[in-house]
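Trainee: A single structure is presented below for examination.
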Amino acid sequence: DFVAHMNPLGVLRARDAMVAAPRPAPASLTLPADTPLRDAMARLAEGQGRVLLTDNHHVIGMLTEGSAVAALIAKRGAEGQEARETA
């Protein structure tokens with residue numbers, strides 16, 4: 009029961025999820041910047057190392073696997089901080 013309720017982010021290390029790195033390739037996929045992160049991450053999982061993000065057909069940034077993970081970690085940290093402040 010103890011292990012079932014543990015947050016894997018507190019236990020796993022990067023090496024536990026490591027895969028062979030593909031050669032860098034230019035971004036060929038573009039998505040609207042307001043695409044849900046879950047959907048954009050699904051495209052990254054298909055082998056796209058990076059995705060160009062657009063607004064009104066203009067490139068405004070880039071999503072990478074690292075930036076997606078960083079956003080998730082930052083969101084989780086913010087939620088944890090809010091929970092501690094309200095406790």
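So for the sequence shown, the numbering used here puts the first residue at 9; every next one is plus one.
Glycine included, every Cβ here is placed at the ideal spot set by N, Cα and C.
Measure the C-alpha to C-alpha separation of V77 and N64 and round it to an integer number of angstroms.
Mentor: Looking up residue 77 in the sequence shown gives position 69. Looking up residue 64 in the sequence shown gives position 56. Cα to Cα, V77 sits roughly 26 Å from N64.
Trainee: Helix or strand or just coil, what does DSSP make of D63?
Mentor: Taking the first residue of the sequence shown as 1, we reach residue 63 at position 55. In the structure shown, D63 sits in a strand (DSSP, three-state: E or B).
Trainee: Roughly how many whole angstroms lie between the Cα atoms of R58 and T72?
Mentor: Residue numbering aside, residue 58 sits at position 50 when the sequence shown is read from its first letter. Residue numbering aside, residue 72 sits at position 64 when the sequence shown is read from its first letter. Cα to Cα, R58 sits roughly 4 Å from T72.
Trainee: Pick from E54, G55, A53 and M70: whose alpha carbon is nearest that of L61?
Mentor: Position 53 of the sequence shown, counted from the first residue, corresponds to residue 61. When each option's Cα is compared against that of L61, the closest is M70.
Trainee: Just how far apart, CA to CA, sit R51 and L37?
Mentor: As a first step, residue 51 is located in the sequence shown; it is residue number 43 there, counting from the start. As a first step, residue 37 is located in the sequence shown; it is residue number 29 there, counting from the start. Approximately 9 Å between the Cα atoms of the pair.
Trainee: Leaving out the 5 sequence neighbours to the left and right, which residues in its chain are closer than 8 Å to V67 when beta-carbon positions are compared?
Mentor: By 1-based counting over the sequence shown, the position of residue 67 is 59. Once the five neighbours on either side are set aside, the close Cβ partners of V67 are T38, L60 and L61.
Trainee: Near T49, what residues of its chain come up, given a Cβ to Cβ distance below 7 Å and the 5 sequence neighbours on each side ignored?
Mentor: Working through the sequence shown from its first residue, we reach residue 49 at position 41. The question names Thr, but residue 49 is Met in the sequence shown. Taken in chain order, the residues that qualify are A76.
Trainee: In whole angstroms, what is the alpha-carbon distance linking A82 and R46?
Mentor: Along the sequence shown, read from residue 1 onward, the residue named residue 82 stands at position 74. Along the sequence shown, read from residue 1 onward, the residue named residue 46 stands at position 38. If I take the Cα positions, the gap works out to 15 Å.
Trainee: Please classify A79: does DSSP put it in a helix, a strand, or coil?
Mentor: Numbered from 1 along the sequence shown, position 71 holds the residue referred to as residue 79. Correct three-state label for A79: helix.
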